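Below: one structure, written as C-alpha cells.
There are 2 protein chains.
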Amino acid sequence: MTGGTRDRMVLGAVDLIRRRGLNATSVREVVRHTGTPRGSVGHHFPRGKLQLVEEALNFAGTEVGQPLAALVEAHGVEAGLRAFIAAWRKVLEASAFEAGCPVLAVSVEEFVADDGFPNPEAQARLLDIAEAIFARWREVLVQGLEKEGVPTARAARLATLVIASVEGTVALCRASRSADALDEVGTELTALLAGAIAAARG
Amino acid sequence: MTGGTRDRMVLGAVDLIRRRGLNATSVREVVRHTGTPRGSVGHHFPRGKLQLVEEALNFAGTEVGQPLAALVEAHGVEAGLRAFIAAWRKVLEASAFEAGCPVLAVSVEEFVADDGFPNPEAQARLLDIAEAIFARWREVLVQGLEKEGVPTARAARLATLVIASVEGTVALCRASRSADALDEVGTELTALLAGAIAAARG
DNA sequence: GGTAGATTATGCCATGTGGCATAGTCAATG
DNA sequence: CATTGACTATGCCACATGGCATAATCTACC
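Residue numbers (the working numbering), protein chains in the order written: chain A, 1 to 202; chain B, 1001 to 1202.
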C-alpha cells in the first residue's frame, strides 16, 4: 500500500511544507517533486489542495506522536524528551537546516486559496488539525510527567513549555543554520524536567 | 516623516506578514491594504519585494527589541520577560489570534520569487536578518541575566530558551486561538529565571 | 513663473496557480 | 473476451503575481 500514488503525494506534501511552508507549496510542485501523475490529484483528493494539506499534516503529526508516545510509555518522559529533540535535530541536519515542522508552518501562515483570498473555513480546519496535533504531543508528556509524580497543573505547564520551546528552537535553528540553539534548549529542558520529577519524589 | 508612503508600505508589509506569512503576502496586497500607490513600489523599493520584506523585518525586530532592551536595562530581566510576554499577548488578542511574529514566519518559510522558484541568495539574506534579530533579542536577555549574577553559559542557555519558547508559544496560541499556552509558559519561564538568579545570589 | 527631480498612474508581460473537463489507459472481473 | 470502474493524460480557464515602461503629476527651488 505504501508507495501508491496517493501516499507519495501526501509524503511529498509533507516534505515541501516542511521546507517551503504552506502557501509556497503548490500542488503542481508536489506532483513534479514526487513524479506523480498530475491528473490523479483530483481523483485522490476531491477536495483539492486543502484535503492534501490536511492529510499531510495528520501524517506528520502521527509520524512524530506515535514514537514519542511509545518511548515515554516504555522509558519515561526524560527519554521521550531526548528522543523528541534528537528527532528534530535529525530533520534539521539531514536537510542542511532547510526543513522544519510542517505543523508549525501551518500555524504561522494563513491558507490562501486559488482565488487569492484567504478562506476562513479552510483556515479554521487547518488550525483545528494543528491544534489537535500539538495537543496530542503535549498530552503524551503530561501523562509521562504525572506518572513520575509531577502534579497535574505543573505537568501541564511543563509539557506546553517543552512543545513550544522545541518548536520555536527548530525555527531558530533554521534562521541560524545551526543546531546550537537545540543544544542549549535541550540542556535546560532536561534539567527542568529532572528537577520537577525530583521535587515530586522528595 | 512617519505616514509617508514608504513607511506605510513597510508597516503594511509587517502587518500582512504577521498574519499571512511571507509568501502569502503580495506586494499588491500591501498596496491595497495601505491605500498606497502601486506605482511607487518600484520607486521606493528598487530591489522589489525582497527589499520591502527586508525592511519590514528589520522594523519589526527593532520595534520589539528596543523597548525590551530599555526595560531590561531599567528594571531587570524579570521585568523584561514579563513585558516581552505581555507584548506578544497583546499582538495575539488584538488580532483575534490571527497575527503572530513576522520574524518567525520568515524563519519557517522559503521565499519564492515571482518566477515561482526559490532564490538561494534571497533566502540567505532573509535568514541572516531573522538570525540577527533573534540574536539581538537574545543578547539583551543574556546581559540582563549576567547583570544579576547568572554565569555566562547558563545565561546564554536561558536566553535562548526564552526566545524560542515564547516564539513557539505564540504559534501554539494561533493554532489554539487561545492565550492559555502563554500563561503556562510565562509561569514556568518566570520561575526558571527567578530560580537561576536566586541560585546565583546564594 | 518655470524648471528639474521626486512621486504617482496605468497598462503590459511572462509566468504560475488550483480546479476542472474531456478523453484515454489499465486491470480485474464477469 | 468484453465490460466496468479505477486511474491517468492533457489541455483549458480565470485569475493573481512581480517587475517594468511610459506617461502624467506634484513639489520644491531658482
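Glycine included, every Cβ here is placed at the ideal spot set by N, Cα and C. Bear in mind that the values here come from a model prediction, so they are computed numbers and not experimental data.
Check                                                                                                                                                                                   : Outcome
In terms of DSSP beta bridges, what is A:V27 paired with?                                                                                                                               : According to DSSP, which records beta bridges pairwise, A:V27 is partnered with nothing at all.
Quick one: is B:I1163 near chain A, going by C-beta distance under 8 Å?                                                                                                                 : yes
For B:A1130, return the contacting residues in chain A, with the cut-off set at a CB-CB distance below 8 Å.                                                                             : A175
A:K49: buried (16+ other C-beta within 10 angstroms of its C-beta) or exposed?                                                                                                          : buried
In whole angstroms, what is the alpha-carbon distance linking B:A1155 and A:C173?                                                                                                       : 18 Å
For a contact defined as C-beta to C-beta under 7 Å, what are the partners of B:N1023 on chain A?                                                                                       : G21, N23, A24
Identify whether B:P1118 lies in helix, strand or coil by the three-state DSSP scheme.                                                                                                  : strand
I'd like the ranges of any alpha helix (DSSP H) spanning at least 4 consecutive residues and lying wholly in the stretch 52-132 of chain A.                                             : 77-94, 102-108
Going by Cα to Cα distance, which pick from A:A132, A:G168, A:A56 is closest to A:I17?                                                                                                  : A:A56
Which class does A:F134 belong to by DSSP, given the choice of helix, strand or coil?                                                                                                   : helix
The alpha helix (DSSP H) that contains A:R18, what's its start and end?                                                                                                                 : 5-20
In chain B, what lies closer than 8 Å to A:A181 by C-beta?                                                                                                                              : T1160, A1164
Could you tell me the distance, in whole angstroms, from the CA atom of B:G1116 to the CA atom of A:R20?                                                                                : 12 Å
Can you tell me the Cα-Cα spacing of B:R1138 and A:T190, whole angstroms?                                                                                                               : 20 Å
For A:G100, count neighbouring C-beta atoms within 10 Å of its own C-beta (all shown protein chains included) and say buried if the count is 16 or more, exposed if not.                : buried
Among B:V1142, B:V1010, B:L1022, which has the Cα closest to the Cα of B:A1113?                                                                                                         : B:L1022
When you compare only the Cα positions, how much space is there between A:A83 and A:G65?                                                                                                : 11 Å
With 7 Å as the limit, tell me which residues of the stretch 1099-1116 of chain B have their beta carbon closer than that to any beta carbon of chain A; keep them in chain order.      : G1100, L1104, A1105, S1107, V1108, E1109, E1110, V1112
Please classify B:V952: does DSSP put it in a helix, a strand, or coil?                                                                                                                 : Because chain B spans 1001 through 1202 in this model, residue 952 of chain B falls outside it and cannot be assessed.
Look at B:I1133 and B:G1061 and say whether their C-beta atoms are less than 8 Å apart.                                                                                                 : yes
Contact between the stretch 85-101 of chain A and the stretch 1003-1017 of chain B is defined here as three or more beta-carbon pairs at a separation below 8 Å; is this criterion met? : no
If you count every other CB in all the chains shown that lies within 10 Å of the CB of B:G1003, and 16 or more means buried, which is it?                                               : exposed
To the nearest angstrom, how far is the alpha carbon of B:P1120 from that of A:L52?                                                                                                     : 27 Å
Give the residues of chain A in contact with B:L1192, contact being defined as C-beta atoms less than 7 Å apart.                                                                        : L192
At a Cβ threshold of 8 Å, is B:G1076 touching chain A?                                                                                                                                  : no
Under the assumption that B:V1091 contacts B:G1080 (Cβ atoms under 8 Å), give the Cβ distance between them as a whole number of angstroms.                                              : Wrong, their Cβ atoms sit about 17 Å apart, outside the cutoff.
Here's a check: name, in chain order, each residue in its chain whose Cβ is nearer than 6 Å to the Cβ of A:R28, leaving out the five neighbours to either side.                         : none
Just to check my reading of the structure: B:E1148 and B:I1085 have Cβ atoms closer than 8 Å, yes? What is that Cβ distance to the nearest angstrom?                                    : Actually they are not in contact, since the Cβ atoms of B:E1148 and B:I1085 sit about 18 Å apart, beyond 8 Å.
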